[in-house]
Amino acid sequence: MIFMIDKVVKIFIFGLAFILPWQTRLIMVPGSLGGEYSEYGTLSLYGTDICLAAIIFLLAAKNRQKIFSGRWAVKRLFFQPAWFWPWAGFLLVASLSILIASDQLLAFQHWFWQAAGGWLALWLSGRPDRKKIAAVFLAGLLLSGLFGWAQFFFQSAPASKWLGLASHNPAVAGASVVEAAAGRWLRAYGSFDHPNILGGALALGWLLALKYLPRRPGKAGATGATGDRALTTRAVINGAVINHGPSAAIARAVINHGPSAAIARAVINHGPTMFSGMAAAALFFTFSRSAWLAWLAGIAVYFFLAAWWRPVPRETRETRETRETRSIASVRVCVAALVICVLALFYHNLLEPRLAASGRLEEKSKMERMVGWQSGINILKNHLFLGAGLGNSVRLSAQEPAAYRQPAHNHFLLIAIETGGLGFLGWIAFWFLLARAFWRAKNAVALAVWTGLTMIMMFDHYFFSLHAGVLIFYFVLGLILPLRPRAFGSQN
Numbered sequence: 001m002i003f004m005i006d007k008v009v010k011i012f013i014f015g016l017a018f019i020l021p022w023q024t025r026l027i028m029v030p031g032s033l034g035g036e037y038s039e040y041g042t043l044s045l046y047g048t049d050i051c052l053a054a055i056i057f058l059l060a061a062k063n064r065q066k067i068f069s070g071r072w073a074v075k076r077l078f079f080q081p082a083w084f085w086p087w088a089g090f091l092l093v094a095s096l097s098i099l100i101a102s103d104q105l106l107a108f109q110h111w112f113w114q115a116a117g118g119w120l121a122l123w124l125s126g127r128p129d130r131k132k133i134a135a136v137f138l139a140g141l142l143l144s145g146l147f148g149w150a151q152f153f154f155q156s157a158p159a160s161k162w163l164g165l166a167s168h169n170p171a172v173a174g175a176s177v178v179e180a181a182a183g184r185w186l187r188a189y190g191s192f193d194h195p196n197i198l199g200g201a202l203a204l205g206w207l208l209a210l211k212y213l214p215r216r217p218g219k220a221g222a223t224g225a226t227g228d229r230a231l232t233t234r235a236v237i238n239g240a241v242i243n244h245g246p247s248a249a250i251a252r253a254v255i256n257h258g259p260s261a262a263i264a265r266a267v268i269n270h271g272p273t274m275f276s277g278m279a280a281a282a283l284f285f286t287f288s289r290s291a292w293l294a295w296l297a298g299i300a301v302y303f304f305l306a307a308w309w310r311p312v313p314r315e316t317r318e319t320r321e322t323r324e325t326r327s328i329a330s331v332r333v334c335v336a337a338l339v340i341c342v343l344a345l346f347y348h349n350l351l352e353p354r355l356a357a358s359g360r361l362e363e364k365s366k367m368e369r370m371v372g373w374q375s376g377i378n379i380l381k382n383h384l385f386l387g388a389g390l391g392n393s394v395r396l397s398a399q400e401p402a403a404y405r406q407p408a409h410n411h412f413l414l415i416a417i418e419t420g421g422l423g424f425l426g427w428i429a430f431w432f433l434l435a436r437a438f439w440r441a442k443n444a445v446a447l448a449v450w451t452g453l454t455m456i457m458m459f460d461h462y463f464f465s466l467h468a469g470v471l472i473f474y475f476v477l478g479l480i481l482p483l484r485p486r487a488f489g490s491q492n
C-alpha cells in the first residue's frame, strides 16, 4: 500500500512540475471592480491546486499514524532551518490579516496559496529526485516559451479554456505590446497571464538549468546516470553476443550506431545547450525588462561566486558542482548571447524603445507604476500593523478607472501593504536568512537564482499577487534549498 502511494505521489509531482506554467482553471467567482471584470478579485480552482492537494492528501494518508501521534511532526519541526521561523511568523500575521480584510474569502485564497506553496518548497527540499523534477519543470517551461515564439511570430495569441489561455490581439487596447514606428507588436505571453511572468519564469529556469540539466558525459570513464546506462547497455549486449552470436552483434550495431541512438546522444550531449538558446530567444520575445535584468544579474552573480570560491581547501559537494558547471555555463552563456545578438539585429526597432524607456506606452507604464506605489503607501498608512489583507490592496486602491487597478509593482511594498509592518519584517528576515544559508553552503546557482528573484521582486508583484507567480516562486525555492532528509513529507 505504501509502495503504491509513493508511486502515485511521484506521478502527481511530475505532473505538477510539467503543468505548473499552464493556467488551466475553473473560475468559481469572477472578480469585479467598477462593474468590470478584475483578475485580482477572482476566485478560481486551478489544475495545479488539484495536483498539490492530491499530494498532500496521499502523504497525510501514508503518515497518518505518525501525524496523529504528534511526535513525528514535533520532531520534524525542531529540525527546521533558521529561515523557516520568520517565514512561519509572516504566515501567522497573514492569517490574522484575513480577519480584517474587506474580502475575507479572497484573502483566504491568497493565504492558502502561500501556505501550500511554502509546504511544497519544504517538501521538495527533502526529495532526492529533485533533478528529475526540475528537468520535467524545465521541459514544461520550454514548451510555454516555444508557444510564446509562435505568438510573437504570428502576432496573435489564441484563447483556450482547456489550457487556461486568454486571447490577445495587438490591435486591441489592453494587450501587452511594444509600440514602434512599424506599429504595435504583441509581446510573447506563452501560457501565462502577462509577458513579464513568462520572462521571469524563463530567466529563473535558465539559471536553474546550470544545476539541474544533465551534463555532457566525458569521452572516457563517463560517470553519472548517462555513463552508467551506457556501461550497462554495453555489458548486456556483450553478454548477448557471447551467448547468441551474430544476431546479437547486429543488435549491438543497431543500438550503438542506429538513428535512434544518434538522436539520443545528440539530446544528451547538446540538449542543455539547445535549451539555453531557445529559452534565451523566448526571453527576448517577452520584452520584459525586469526579466532581462534578473537574468543578467543572476549570471553575473554566478560567475563572480564561481571565481570567488574557486580555491577551496576542502571541497564540498556544492563547490564541486560549481567547479564542474563553470565551463559548461560559459558555453551556454555564449550560445544565449549569440542568439540574443542575432535577434537584436533583426528587431532593433522594437528593442530600442524598451531599452530607452521612451515612447507613449513607456511613459504611461512609468506613470501607472508611480501612481500604484503612491496609492499603496497611502493604504499602508491606514493599515500599518496587520495590513489590508492578502489580495485586498487592489480593492482599496485609488487608481482610476477601477477596472485597470493593479497591485503595487514591488513585491516587498505589496507585502507591507497587505500584511502590515509585522508581516513585512517577517518576510525580510526570511529572505535574508535564506541568502545567508545559500552563502554558507557555497551554492553559487542558488544565490544566482536568489538574485534573479530579488530583481524581479523589486519591479513586479506577480510572485505575491498571482497564483502562477506564487507557485513558481515556492517551486523554484524548493529546487534550490539545501537537500534536507528530515523535511516535512520526506521518505525518512
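Take 1 as the starting number for the sequence shown in UniProt numbering and just add one per residue.
We put the beta carbon where it would ideally sit given N, CA and C, even for glycine.
Here the structure is a predicted model, which means the values were calculated and not measured.
- Under the DSSP assignment, residue 179 falls in the beta strand (DSSP E) whose first and last residues are 177–180.
- DSSP, read as helix, strand or coil, puts residue 183 in strand.
- The residues 130, 131, 134, 135, 138, 479, in chain order, have a CB closer than 8 Å to that of residue 212 in the same chain once the five nearest residues on each side in sequence are set aside.
- In the pairwise beta carbon analysis, the stretch 157–174 is classified as not touching the stretch 80–98: fewer than three pairs are separated by under 8 Å.
- Taking the Cβ atoms as the reference, residue 405 lies roughly 6 Å from residue 33, within the contact range of under 8 Å.
- Close CB contacts of residue 147 within its chain, under the 7 Å cut and outside five residues either way in sequence, are with 190, 191 (chain order).
- Within a 10 Å sphere around the beta-carbon of residue 17 sit 16 or more other beta-carbons, which makes this residue buried.
- DSSP places residue 46 in the strand class (E or B) of the three-state scheme.
- For residue 355, the enclosing alpha helix (DSSP H) covers residues 348–356.
- In the three-state DSSP reduction, residue 461 falls in the coil class, being neither helix nor strand.
- In the DSSP assignment, residue 384 falls outside any alpha helix (DSSP H) and carries neither an H nor an E.
- DSSP places residue 25 within a strand segment (E or B) once states are collapsed to three.
- In this structure, the alpha-carbon of residue 454 lies about 31 Å from that of residue 153.
- Residue 331 counts as exposed, since fewer than 16 other beta carbons sit within 10 angstroms of its beta carbon.
- For residue 414, the uninterrupted alpha helix (DSSP H) run begins and ends at 411–440, by DSSP.
- Straight-line spacing of the CA atoms in residue 292 and residue 284 works out to 8 Å.
- Residue 37 sits exposed, since fewer than 16 C-beta atoms from the chains shown fall within 10 Å of its C-beta.
- Taking the Cα of residue 150 as reference, the smallest distance to any Cα among 188, 462, 128 is reached at 188.
- Burial is judged here by how many other beta carbons sit within 10 angstroms of a residue's own beta carbon; residue 29 has fewer than 16 and is exposed.
- Beta-bridge partners assigned by DSSP to residue 168: 157.
- With 16 or more other Cβ atoms from the protein chains shown falling within 10 Å of its own Cβ, residue 466 counts as buried.
- The three-state secondary structure of residue 302, taken from DSSP, is helix.
- Residue 288 sits close to residue 199, with the two beta carbons spaced by under 8 Å.
- Secondary-structure assignment with DSSP links residue 32 through a beta bridge to 37.
- Our two residues, residue 450 and residue 395, have alpha carbons roughly 31 Å apart in a direct line.
- For the pair of segments examined, the stretch 8–16 was found to touch the stretch 44–57: the number of CB pairs separated by less than 8 Å reaches three.
- Looking at 13, 194, 447, the one whose alpha-carbon comes closest to that of residue 469 is 194.
- Straight through space, the alpha carbons of residue 185 and residue 31 are spaced by roughly 29 Å.
- In the three-state reduction of the DSSP assignment, residue 85 falls in the helix class.
- Contact fails between the stretch 386–394 and the stretch 58–67, because fewer than three Cβ pairs, one in each stretch, are under 8 Å apart.
- Across the structure, residue 433 and residue 333 are spaced so that their CA atoms are roughly 29 Å apart.
- Here residue 348 is exposed, its C-beta having fewer than 16 other C-beta atoms within 10 Å.
- The beta-carbon separation of residue 21 and residue 430, rounded to 25 Å, does not stay under the 8 Å limit for a contact.
- Between the stretch 410–420 and the stretch 370–380 there are three or more C-beta pairs closer than 8 Å, enough to call the two in contact.
- Nearest Cα to residue 109 within the set 382, 90, 41: 41.
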